[in-house]
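J.: This note's numbering numbers the first residue of the sequence shown as 5 and each following residue consecutively.
In this text, a Cβ means the ideal position worked out from N, Cα and C, and glycines have one as well.
I'd like to ask you about the structure that follows.
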Amino acid sequence: MFWASYLLAALALVLAWPVPIALSRAKWPARSPFTAMVLWQAIALAGGLSMIGAMLTWGLEPLGNNLIDALRSLWGILVHREPATTLGLVHVFALSAAVLLSAHLIFTLLLTYYRIRRGRRRHRDMLSLLSSPSDTRPATLVINHPVPVAYCLPGGARSVTVLSDGLLEMLSDDELSAVLIHEKAHLAQHHHLLLWAFAAWRAALPWLPTSQLAQQSVNELIEMLADDEALRTVQPGTLIRAVAIVGTGGAAPAENLAVAEIRGTPLLGSPDEPEKIGTVHRLSRLLTPLPPLPAWQRAAVLILSGLLLAVPTTLLVAPGIV
């Protein structure tokens, strides 16, 4: 497993720096948001697996020629008190680092989930005081506020879409329909789970370009996916007007609600710069639509995503591969 640790470390380095930077600057994701979303998830998962795997294989290298055999030997040392003369200080350090990083990632994931759930409960309590159910639209709440606000609050069977009086006054019926379809697409496609995963990834490793760029890119991609769902029903011009009104109305986009809850962003605060840039990208994509990515290119990206996950897994478990 000696060379496997170096290969995993090299893969982790590539996925942590040049690859996310290149993908965040690429133009093709706007042509196939779903494919780009899959690739971002593969990069994040493969990067984390490679980081942990590099330290794990380095630490276990004296105990076996693959991860499974080495773990069996380690179990014998820990449980049956077998001699550990082959393990040096550097190996113990690498194993400790792998365990600590794994625990840190899992703990951050759970902590982020807890914070999101707590924030949503607090948010629902606030809505129960400040909103009223819509008379004509099921699972929709209306808040009394002049700023155009539209967002969804996930919660399984309790999921709701929240609109403001200001939005209802500014939008036509068709534009409002586009907004509602857009928000309901977020709920139907479970975009809040993606936001949770990438928010946790960034919270765990805020210094890592992968985590920062991935979160920003995923936020934009889920907006594009919801826009595409709305375009199945409404005309592009209708959606463009609705996006322009909501995106520039001074409301914090609730598509980023999970992230906003973690950061403590006010519900009706001004959008920060990345959110403004995301709205600009959405409008640009709607105003000058590009042809969809060819099927063979989408297939190639999906195959690449699968390989990104298969390579570190193979390096970890394949006996004597390197």
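1) If we ignore side chains and look at the alpha-carbon of each, how far apart do TRP44 and HIS84 end up?
2) Under 8 Å, with one C-beta from each stretch per pair, do the region 106 to 118 and the region 133 to 146 reach the 3-pair mark?
3) Can the beta-carbon of LEU171 be found less than 8 Å from the beta-carbon of VAL247?
4) Just grab the DSSP bridge partners of PRO137 for me.
5) Keeping to the same chain, check which residues put their C-beta closer than 8 Å to that of LEU27; ignore five residues upstream and five downstream.
6) What does the alpha-carbon distance come out to for the pair LEU131 and ARG124?
7) Take the Cβ of ARG29 as the centre, count every other Cβ of all protein chains shown within 10 Å, and call the residue buried at 16 or more, exposed below.
8) Give every residue of the same chain whose Cβ lies closer than 6 Å to the Cβ of HIS186, excluding the five residues on either side of it in the sequence, and list them in chain order.
9) Skipping 5 residues on each side, what residues in its chain have a beta carbon closer than 6 Å to that of ALA74?
10) Considering only the beta carbon of each residue, do ALA49 and LEU313 sit closer than 8 Å?
11) DSSP puts LEU115 in a beta bridge; with which residues?
12) Determine the closest residue to LEU113 out of GLU227, ALA207, ALA299, GLU224, with distance taken between C-alpha atoms.
13) Quick one: what's TYR155 bridged to in DSSP?
14) Looking at the ligand ZN, does it come within less than 7 Å of ILE25, judged from the CB to the closest heavy atom?
15) Between GLU179, LYS188, ALA299, TYR155, which lies nearest to LEU243 when the distance is taken from Cα to Cα?
16) Can you give me the start and stop residues for the alpha helix (DSSP H) that ALA30 sits inside?
17) When you compare the CB positions of LYS188 and THR165, do they come within less than 8 Å of one another, or not?
18) Alpha carbon to alpha carbon, what distance is there between LEU184 and ASP177?
19) Is ALA101 helix, strand or coil when you go by DSSP?
20) Tell me, please, whether the CB atom of LEU312 is closer than 8 Å to any CB atom in chain C?
21) Using only the alpha-carbon positions, how far apart do GLU227 and PHE97 sit?
22) Mind checking which residues open and close the alpha helix (DSSP H) that includes VAL315?
23) Going by the CB atoms, is the gap between ARG35 and LEU209 shorter than 8 Å?
24) Can you tell me where the alpha helix (DSSP H) with TRP62 in it begins and where it stops?
25) Which class does GLU86 belong to by DSSP, given the choice of helix, strand or coil?
26) Hey, quick one: how far does the alpha helix (DSSP H) through LEU217 stretch, first residue to last?
27) What does the alpha-carbon distance come out to for the pair GLU122 and PRO298?
28) Given this structure, state the Cα-to-Cα distance separating ARG162 from LEU145, to the nearest angstrom.
29) LEU12 and SER54 - do their beta-carbons sit closer together than 8 Å?
T.: On the basis of the supplied data:
1) 42 Å
2) No: fewer than three Cβ pairs fall under 8 Å.
3) no
4) LEU145
5) PRO33, ALA40, LEU43, TRP44, ILE47, LEU217, SER221
6) 10 Å
7) exposed
8) ALA230, ALA234
9) So the qualifying residues of the chain are LEU64, LEU67, GLY68.
10) It is Leu, not Ala, that sits at residue 49 in the sequence shown. Yes, Cβ-Cβ distance for LEU49 and LEU313 is below 8 Å.
11) Answer is none; LEU115 lacks a bridge partner.
12) ALA207
13) VAL166
14) Among the components modelled here there is no ligand, and therefore nothing to report on the ligand ZN.
15) GLU179
16) Here ALA30 belongs to no alpha helix (DSSP H), and DSSP marks it neither H nor E.
17) Yes, the pair counts as a contact, with Cβ atoms nearer than the cut-off.
18) 10 Å
19) helix
20) Of the protein chains in this structure there is only one, and it is not chain C.
21) 43 Å
22) 299 to 321
23) For LEU209 and ARG35, no; Cβs fall outside 8 Å.
24) For TRP62, the uninterrupted alpha helix (DSSP H) segment begins and ends at 37 to 64.
25) coil
26) 213 to 235
27) Per the sequence shown, residue 122 should be read as Arg rather than Glu. C-alpha separation (whole angstroms): 43 Å.
28) 12 Å
29) With respect to the 8 Å criterion, SER54 and LEU12 are classified as neighbours on the basis of their beta carbons.
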